[in-house]
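> Numbering (the working numbering), first residue to last: 17 to 174.
Every residue, glycine too, gets a C-beta built ideally from N, C-alpha and C.
This structure is a prediction, so every number in the text was calculated from the model and none was measured.
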């Protein structure tokens, strides 16, 4: 073994690997019988047991969609290339709220379930602050809506 050069051994190893790997299937596409078996065994629960299930899913999806849409608007305002663009986005964002005076609370600290807030502001003032400061927005913590689905209170976390 001492007389065989290392580069020759490396070449043999790489050649063996190249010749041995002839499968054209992607590794992710290959499933073992154990992986496919549980999907056949799982029984579908009747819809009658959980009548509110679909409604709850739709409510959660709407909340996530509202939060995502609001986050996108806030990011667009803070990174807008021009004042005109920011003002247009502010107008679109305000359509999500019950009024331009909707309450915005910013959590500055939280311990043992007790929240400490910065001075309360309105959504109109907060959006203009984002536009003027061009700073990164605060994280959306919670959203309260009225019966029409409009945001009445927004809680942000620094």
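Decide if residue 132 is buried, meaning its Cβ has at least 16 other Cβ atoms within 10 Å, or exposed.
exposed
> Tell me, which residues are paired with residue 166 by DSSP?
Beta-bridge pairing links residue 166 to no other residue.
> Report yes if the CB atom of residue 172 is closer than 8 angstroms to the CB atom of residue 118, and no otherwise.
no
> Along the chain, which unbroken stretches of the beta strand (DSSP E) at least 3 residues long are found entirely within the region 87–143?
119–127 and 130–133
> Using the C-alpha atoms, what's the distance from residue 124 back to residue 96?
26 angstroms
> Can you list, in chain order, the residues of its chain with a C-beta nearer than 7 angstroms to that of residue 150? Leave out the 5 residues immediately preceding and following it.
94
> Once the 5 residues before and after residue 92 are set aside, which same chain residues still bring their CB inside 6 angstroms of it?
105
> Might you give, ordered along the chain, the residues of its own chain that have their beta carbon closer than 8 angstroms to the beta carbon of residue 86, omitting 5 neighbours on each side?
109, 112, 156, 159, 167 and 170
> For the candidate residues 138, 82 and 146, whose alpha-carbon lies nearest to that of residue 98?
146
> Whole angstroms is fine: what's the gap from residue 82's alpha carbon to residue 161's?
10 angstroms
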